[in-house]
Each structure stands twice: as C-alpha cells, then as structure tokens.
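Line by line, the protein sequences give chains A and B.
Taking the working numbering, I'd label the letters of the first sequence as residues 1 to 484.
Taking the working numbering, I'd label the letters of the second sequence as residues 1001 to 1241.
For glycine and all other residues, C-beta sits at the position ideal for the given N, C-alpha and C.
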Amino acid sequence: MATTVDAPTAENRPAGAQRDLEEQRRAPLKTGEDPQNTLAASLKDAAAAALLAGVLGFFFLALRTEIAPGGLDVSARWGLWLASIAVVFAGRLLLNLFVFKTRRPVTQLFAGRGAGLGARLPWLGKAVGAALFLFAMILPFFITTVFPAQQRQYIDLAILIMTYVMLGWGLNIVVGLAGLLDLGYVAFYAVGAYAFALLSTHFEVIGFWTALPLAGMLAAFWGVILGFPVLRLRGDYLAIVTLAFGEMIRIVLLNWYDFTGGPNGISGIPKPTLFGLEFTRGEDGVAAFLGIEYSTIHRFIYLYYIIFILAIVTNFVTMRLRRLPVGRAWEALREDEIACRSLGINTTNTKLTAFAIGAMFGGFAGSFFATRQGFISPESFTFLESAIILAIVVLGGLGSQIGVVIASVVMIGGIEMLRNIGFLSDIFGPDFDPVKYRMLIFGLAMVGIMIWKPRGLISTREPTIALKERKRIGADYVAQGEGH
Amino acid sequence: MSGPLLSATGVETYYGKIVALRGVDVEVKPGEIVTLIGANGAGKSTLMMTICGNPRARAGRIVYDGVDITSMPTHEIMRLGIAQSPEGRRIFPRMTVMENLQMGAQLVAPEQFRAGLDRVYDLFPRLKQRATQRGGTLSGGEQQMLAIARALMGRPKLLLLDEPSLGLAPLVVKQIFEVIRELNRSEGLTVFLVEQNAFHALKLAHRGYVMVNGRITMSGTGAELLKREEVRAAYLEGGRH
C-alpha cells in the first residue's frame, strides 16, 4: 500500500500538514529580510483595514439623519468618512511597519528600558523618593513664585493629587500588602467625609482637628464591619462583596434623607483652623496674627500642607508596619494563607487589621476632602472613585509606595492637564473637548501598562499570582538588599 | 518514658461527604521519630492537616501534651509548640530567605531570634548563603530546607513534616533526612514524618505506621516494618526504582 502513495496530495494529506506547509510559505513574508516584501504586505494589510473602516464607517460616520421639518433628512459627511479611512490606513500601516511585521518591533525598546530601570531600582527608588519629598515640601512656594497668575489653580491641583496619593497609599495596605482586592475603598472615604461633616455641623465645638481622629476611628470601625463577612472570601468573590459594600454606603447616604441630607448633601462644613486661628481677613485671622498681608492663597497653602502631612504620616506608618510582625504577616498572608496559619499566625486578626488600618487612612482623607470642599454629597463617592484609586495602586505597582505617587501624578494631573491643551481644538474644531476623552486615554494607558509592565510601573516586589510564577525568574526577582 | 506527646484516637475526617480518615489511632512519644507511610491518596496528609485543625476531625480526639486540640483554631494549635512543614513546602516565594525565617519566628521572643537563626544556619549552611535571595528563586532542595528551617524557627517540641523528599534528588533527600536524625539525636526533637519514600523513612524512624485508604493497617518499629513482606511488596520493591 505504502508504495502507491509516493507523494502526498491534497486529498490524503492530513489537515495539520497542510497548515504547516502554508505557514512555511507565509513565514518568509513575516520575518523576511526583504524590506520590499514587508512594505508590500503592510500596504496590502493596511488597505484591507481601510476598506473595512470605509464599509463600517459609511453607515456610522458618512450618513447622518437629522430631524427636518416634515420628517428626517439624510445628510452626508464625506470629509469625516474619508478622514477616518485615512486614519485607519495610516495607523495600520505604521503598526505593520514598526510593530507587527518587523523583526525588531519598537515596543521591544520600551520593554527593555523598563526592565533595565527595575534592576537598578533599590538606590534609584530612594533617590527619586527623596527628591520627590523635597519637591513636594516646597511645592506651594515654588508655584507662587513661578506661576503667580495661576497659583490658585495649581495649588488646588497639587492638593487633589496629594489626596489621591494618600488614598492610594491607604489602599495599598489592603491591596498591595495584604493582597485583599478591595473595590469599595471609596466607602471609607465617604464615611470619613460624612463623619466630619455631620459632627461639625451638629456640634459647634468640633472642628477639623478634633473630628479627624474620630473620623479615622469610625472608618476603621467600618473597615472591621466589612472585614468580618469577607474573611472567608478571596480573589474575585472578595472583590464583588467589597464592590457591593461601596455601593451600599453610597446608597444609604443618598436615601437616609433625615440624617445625611440625601442628594442635597451637607454644606457649610467648617474650614480647618491653625491653632484656633481662622484664615480670614479680620483681626483674629492668621494673617493679622502673623503680621503679614492677608491673601486668599494662604488657606490653600495651609490645606496643601495638611494633606501633605497626612499623606506622609500614611506613608511612614505603612513603612514602619511593614517591618513589624503585623506588616510581615500581611505580606505573608498575600503570599500563602495556609503557610501563615501553619506558622501560628491568626489570619482573622491579620486581615481585619489590614482592613481597619487601610480604612482609617481612607477616613482621614475623607475628612480632609470634606473640609476642603466645604460641601459634600453622595455624588463624590461613586464607584468610579474606587476604580481610580485602585487603578493608581495597580498601575503604580502593587505594594510600591513611590509607584503610587507617580501613578497619581500621571492619572490625576494628566486629566487636569487635558483641560489646558489648546492646540487640539485648533485641529479638531472649537467643539472638541479633550476632557471628554479622558476615559479613552485612561483605557489606552492601562492597556499599554498591562502589555509592557504587567506588574505596574514599579514592580520590585510582586503580589502572589500563582505558584507557577516560581519558574519565571527575572532579574528583578533576585534583586538584593531591598524591602525587609 | 512518659505518656505520648501527641495522640490521635478514632479520628475521622471528611471532605464534604467524602470520607478521608476512617478512625485513625496514632501515637507519638516524646523524643521519637514516627513515620506514616502509604500510597497516594491514602489520607496521610489529611491526618497531618487534621492534627493542625484544618480540616477538623468530625469524630475522635487529638491530644497534644495533655491538651485536647481537636477543635482548636489552627493558629492556637501552632502556638502550643507544634511546627509544620506543610505539603508542597509553601514557602513565601516573593519574600527573602531571611524574611521567611522571620515569619517562622513570629511566636518566639525577639531576643531568641538570633540564636534560632544561628541554629538553622548551622543545620543548613546553604540558607546562610542565600539569606537575601527570594524564596521563589531557590532550588527545590533549598526550598525544602527553608520550609524545615522556618518551622524550626518557632522552637517547636513537635515537628510535623509532610513529604520532605517530594521531587528532590536522592542526594538532597539523604541530606535532609540526615538533618532530621541529627535534630532528634542531639536535641531530642520529636518528629512526625509523613512520607511516600518508605525505604528512607522507615530506616530513619523509630516507629512507623502504614496507612491504606484512611485506615492504619500496620504499625511497628521501623526495622520491623522494613522486614514485613506486605510492606516490601507494596511500598519498597515497586517504589525504589
């Protein structure tokens, strides 16, 4: 029998062999040295993509129905349609030439750079941290001297970024160190804010500084309340319950009209005082007391320093706790819960302390938010806030303190910067508002990070994902002398 | 010799509705090395985990040092002076060797940490060289050493070892068993060892138990069991090569 079949034909050849053959034929095109071939293939592919965009776009972009007197009117937008086809064609062509069909994709360049940076991180991280700390310390004066015209706006932005740094650091205890995925962190932010707002509006004597510890304690208490039912859960299930908890708090605040004011929120929340002195123009104001000329900017500078100190305290406490048994137990818990129990660690208490301490810092940040705004409503505490804080922690690198700072500056500062980009509206017309596209840009940034730095920007110590990870030993795994 | 350090009587354990242990009686006297051998799925590790309270025994009693630990939470059992090197080693892969050892010493006074560290570095000089390296980057044998060292850091009276030879080269197995013997001889440490490597385990142990299908079918001194025809047939001749 075998002798009759001297060459495989289309009928008797197995499907796999056929595919192999085809791939062999196609392979030189993909990796070939010949730039002519690459260009031709790229052009062909880009043309196909452009055709697809043209067909789809014809209905979605080129034709538009408008309400006209006596019915609907169809108008054509050929310019937009052609522009979209051109964008798809050019984009696909560039991707083909530089990423998909080339032997050395440009993306490799970024990946290589990042890894090299990570290996040298131990001292680099400290240097960057110290530099950022010093810069943050003089920031308000830097802004008032360099940008006197926009000082209020920039200091406000700095306060906002600093708030998110603090929230990120607080959440980092729960997610980064203890490895408990919390999607409802904003609940504790809300508890802190409402605690201060309600206390200060009901009791004359309670100001920001007296309410701050109370708000922190209340938030920590709610952290424990959330902690108890979720002790047995982990991973996805934990995430779902914490997500629900965040929404529950918001909905209760929204509907408990008699107590929280419902959707109207609470206004007239007092501003913080400096040793009992208020930032007012009058005789008993801070400016008069210090003998300097009154300016509204003083209050913003003061607010900035409050959140700066609160954030530094958060960071300091976290760094100290990491070196203490409880902090090490958090990290060990993230790595292996069963091993923890077999070493005599009370996993229940360990998880609850992580939730409570993380929540407490969320509560501090919440009271600060309330005093800064002077007005709060449930609208400030939506799931999107939780998502942004979590994104800051994840993008920065779980468990990395400096990563959180970089991610907050990029994410929060980035969004604000979008408002100031004028040249884009010159290109896309006066109606173009870049802020509308912030979620799109967020998404792109996240996809990019997940491709090139899947463990976040700073990933010297990664969270547990799976035991399989042991096989993959990168340079940053064996980095020495870091993070005890 | 006084009464047993650890005794399990009539222990029954279930995973949901599936029975894993059907009335197990095991005794470990102070200063002994006792081994439990058996095939895959016989319930050896289940007994080990039941002693640690996870899962709990549904019937029977487990007494350690005169204290009934049958329904104690795991972390409290461990605080009584039992240490476990669990199945699959379960070291903390992203923490350094030093940090892993620190985790093992959670329950002892900080002043004793240094002495404990010197002791395990003495037993496993390899770990000293690797002190700043991450647990996950160690070889299998080093990880097993780390798991045992971490357990020893808690200064236990009773050491539970679950398959320390799993997946290791024969030479490394020999080293690890040598350390166990040394610990027992010089410090009188009581060891309860669960093993599939019956030959080595029985040679090391003073006494042994054979478990089949959730029941203890044979017991005796290590040398006795090694000579028994049933043991040789089931666990030695087939399993040695």
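**Item:** 6 angstroms CB neighbourhood of Leu-72(A) in its chain, flanking five on each side removed
**Value:** Thr-65
**Asked** Whose C-alpha, out of Phe-221(A), Asn-255(A), Ile-449(A) and Ile-412(A), is nearest the C-alpha of Ala-354(A)?
**Response** The residue from Phe-221(A), Asn-255(A), Ile-449(A) and Ile-412(A) with its alpha-carbon nearest to that of Ala-354(A) is Phe-221(A).
**Message:** Determine whether the beta carbon atoms of Asp-1025(B) and Gly-1038(B) lie at a separation below 8 angstroms.
**Reply:** no
**One or two residues paired with Arg-1215(B) in a DSSP bridge** = Val-1212(B).
**Message:** By alpha-carbon positions, which one of Leu-124(A), Ile-269(A) and Gly-57(A) ends up nearest to Ala-211(A)?
**Reply:** Ile-269(A)
**Request:** Please classify Asp-236(A): is it buried, with 16 or more other beta-carbons within 10 angstroms of its beta-carbon, or exposed?
**Result:** exposed
**Prompt:** Of all Cβ atoms in chain B, is any one closer than 8 angstroms to the Cβ of Ile-458(A)?
**Reply:** no
**Asked** For the candidate residues Leu-94(A), Phe-60(A) and Val-74(A), whose alpha-carbon lies nearest to that of Leu-80(A)?
**Response** Phe-60(A)
**Message:** Just to confirm my understanding: we take Phe-245(A), look at its own chain, exclude 5 residues before and 5 after, and list those with CB closer than 7 angstroms. What are they?
**Reply:** Gly-184, Ala-187 and Leu-226
**Message:** I need the DSSP call for Thr-347(A), collapsed to helix, strand or coil.
**Reply:** helix
**Prompt:** Is there contact here, the region 309-316 of chain A with the region 1038-1052 of chain B, by at least three beta-carbon pairs under 8 angstroms?
**Reply:** no
**Request:** List the endpoints of the continuous alpha helix (DSSP H) containing Gln-1106(B).
**Result:** Neither: Gln-1106(B) is in no alpha helix (DSSP H) and is coded neither H nor E.
**Prompt:** Taking 7 angstroms as the line, does the beta carbon of Ile-415(A) fall inside it for any heavy atom of the ligand ATP?
**Reply:** Among the components modelled here there is no ligand, and therefore nothing to report on the ligand ATP.
**Request:** Along the beta strand (DSSP E) that carries Leu-72(A), what are the first and last residues, could you check?
**Result:** 71-76
**Message:** Quick test of your reading: Ile-392(A) and Ser-408(A), contact by CB under 8 angstroms. State the CB separation rounded to the nearest angstrom.
**Reply:** 5 angstroms
**Message:** At the 8 angstroms Cβ level, is Gly-1167(B) part of the contact set with chain A, yes or no?
**Reply:** With its beta carbon at least 8 angstroms from every one in chain A, Gly-1167(B) lies outside the interface.
**Message:** So, for Val-1028(B): in the same chain, excluding its five sequence neighbours on each side, which residues have a beta-carbon less than 8 angstroms away from its beta-carbon?
**Reply:** Pro-1004, Leu-1005, Leu-1006, Ser-1007, Val-1034, Leu-1158, Thr-1190 and Phe-1192
**Prompt:** Going by the CB atoms, is the gap between Leu-1146(B) and Asn-1100(B) shorter than 8 angstroms?
**Reply:** yes
**Item:** Cβ neighbours of Glu-1163(B) in the same chain (closer than 7 angstroms, five flanking residues each side left out)
**Value:** Glu-1087, Val-1194, Glu-1195 and Gln-1196
**Asked** Using the beta-carbon of each residue, which ones in chain B are nearer than 8 angstroms to Arg-322(A)?
**Response** The premise fails here: Arg-322(A) is roughly 10 angstroms from chain B at the closest Cβ pair, so nothing lies under 8 angstroms.
**Asked** So, helix, strand or coil for Arg-1061(B), using DSSP?
**Response** strand
**Asked** Is there at least one Cβ from chain B nearer than 8 angstroms to Gly-179(A)'s Cβ?
**Response** no
**CB contact flag (Asp-182(A), Val-191(A), <8 angstroms)** = Result no, Cβ atoms of Asp-182(A) and Val-191(A) do not sit closer than 8 angstroms.
**Request:** Just the C-alpha distance for Ala-41(A) and Phe-100(A), rounded to the nearest angstrom, thanks.
**Result:** Roughly 11 angstroms between the two C-alpha positions.
**Item:** Ala-365(A) burial status per 10 Å Cβ neighbour count (16 or more: buried)
**Value:** buried
**Asked** chain B partners of Glu-331(A), CB-CB under 7 angstroms?
**Response** Met-1095
**Asked** Taking the alpha-carbon positions, what's the Thr-9(A) to Gly-1135(B) distance?
**Response** A caution first: Thr-9(A) carries a pLDDT of 45, below 50, which makes its placement in the model unreliable, though a value can still be read off. The alpha-carbon atoms of Thr-9(A) and Gly-1135(B) are separated by roughly 55 angstroms.
**Message:** For Asn-37(A), tell me which candidate among Ile-406(A), Ile-266(A), Asn-96(A) and Leu-199(A) has the shortest Cα-Cα distance.
**Reply:** Asn-96(A)
**Asked** Are the C-beta of Val-1231(B) and some C-beta of chain A separated by less than 8 angstroms?
**Response** no
**Item:** From Gly-1154(B), Thr-1013(B) and Arg-1089(B), residue whose alpha carbon lies closest to that of Ala-1059(B)
**Value:** Thr-1013(B)
**Request:** Taking Ser-295(A) as part of the beta strand (DSSP E), name the residues at either end of that continuous run.
**Result:** Counting along the chain, no beta strand (DSSP E) covers Ser-295(A), and no H or E run does either.
**Prompt:** Would you report the Cα separation of Gly-483(A) and Val-1097(B), rounded to the nearest angstrom?
**Reply:** With a pLDDT of only 35 at Gly-483(A), under the threshold of 50, the placement of this residue in the model should not be trusted, and no figure is reported.
**Item:** Whole-Å CB distance - Ala-287(A) paired with Glu-293(A), under 8 angstroms assumed
**Value:** 7 angstroms
**Message:** With a threshold of 6 angstroms on Cβ separation, who are the neighbours of Gly-374(A) within its own chain once the five nearest residues in sequence on each side are excluded?
**Reply:** Closer than 6 angstroms at Cβ, skipping near neighbours: Ile-269.
**Asked** What number of angstroms, rounded off, separates the C-alpha of Arg-1232(B) from the C-alpha of Asp-1065(B)?
**Response** Arg-1232(B) and Asp-1065(B) have their C-alpha atoms spaced approximately 34 angstroms apart.
**Where Thr-169(A) falls, given that 16 or more other Cβ within 10 Å makes a residue buried** = A small correction: the amino acid at residue 169(A) is Trp; Thr does not occupy that position in the sequence shown. So Trp-169(A) counts as buried.
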